[in-house]
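In full-length UniProt numbering, the protein residues as written are 1 to 302. Even glycine gets a Cβ: it sits at the ideal position worked out from N, Cα and C. Step one of this worksheet: look at the structure below.
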């Protein structure tokens, strides 16, 4: 049974043109909204210091809404929504699967405690956002901007497309599996199995630590990065590295085609499929003619 009721205690509804932004019909202030689909199909509305309490899908099919200082306490708050701006908001643990199948969503200065948020969102911006339980978050989203985002949890950003990230701090395994057209700058990723099955990924001025980096991917580029990865950077078609350091990285580049210009010593390199590897030194080099064609790879040590 669907409960369409909502509770406003206390609530202020302002006429358009008072406190509302342009194009907004009314303002809901200090409201406590309960019941399933409490604000179903809301349009042109601004919510201020309001609580979306018990009741699923309170803002389902909402459009052209702004949320300032609001909190979500139950599941599925923003499904099939469009043109949403949320500032200084909190998604609590039970506000799971919070923003799915949405278009043009901006979240700023907010905390998302709930997992499985932001799925199949097109046109998503997260700025100054903490994703404290980021498990299975940002799946299959496109046209994404991540600016100063902190995330903790496994399987972040599976299948995302067209992503620009800066100052991303991630602790969690298996991120960006199957991602396409991703650029990451000035970030830190503590992550096992990052960028598997990915394509067209560029990482600049960043630190990555975690084994098996980048397997089974195409067109991966790292510029001015420090990487620590056991058996990392293997099975990659067209790996490019510029001015990167490989720290405590062994068994690198197996079956990868590589154009790498590295600083410092690489601990060990195993059976690259082809290309050029330049480094100050290589601790151990294995090129087994029974596994790869040695003539296809050039090794240069300074």
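Element boundaries [beta strand (DSSP E), containing residue i]
i: residue 212; result: Run containing residue 212: none; DSSP gives neither H nor E here.
i: residue 47; result: 45-48
i: residue 291; result: Per DSSP, residue 291 belongs to no beta strand (DSSP E) and is neither H nor E.
i: residue 123; result: 122-131
i: residue 188; result: 188-190
i: residue 204; result: 199-204
i: residue 105; result: 103-112
i: residue 29; result: 26-29
i: residue 81; result: Premise fails: residue 81 is in no beta strand (DSSP E) and is neither H nor E.
i: residue 143; result: 142-152
Counted within 10 angstroms of its Cβ, other Cβ atoms place residue i as buried (16 or more) or exposed
i: residue 293; result: exposed
i: residue 248; result: exposed
i: residue 271; result: buried
i: residue 66; result: buried
i: residue 198; result: buried
Proximity of residue i and residue j at Cβ, strictly below 8 angstroms
i: residue 205; j: residue 181; result: no
i: residue 49; j: residue 73; result: no
i: residue 225; j: residue 203; result: yes
i: residue 87; j: residue 113; result: no
i: residue 214; j: residue 191; result: no
i: residue 76; j: residue 42; result: no
Which of helix, strand or coil DSSP assigns to residue i
i: residue 207; result: strand
i: residue 177; result: coil
i: residue 39; result: coil
i: residue 183; result: strand
i: residue 163; result: strand
i: residue 72; result: strand
i: residue 117; result: coil
i: residue 96; result: coil
i: residue 168; result: coil
i: residue 32; result: strand
Which runs of the beta strand (DSSP E) at least 3 residues long sit entirely within the stretch 222-282? Give them in chain order.
226-228, 237-246, 257-263, 265-270 and 274-279
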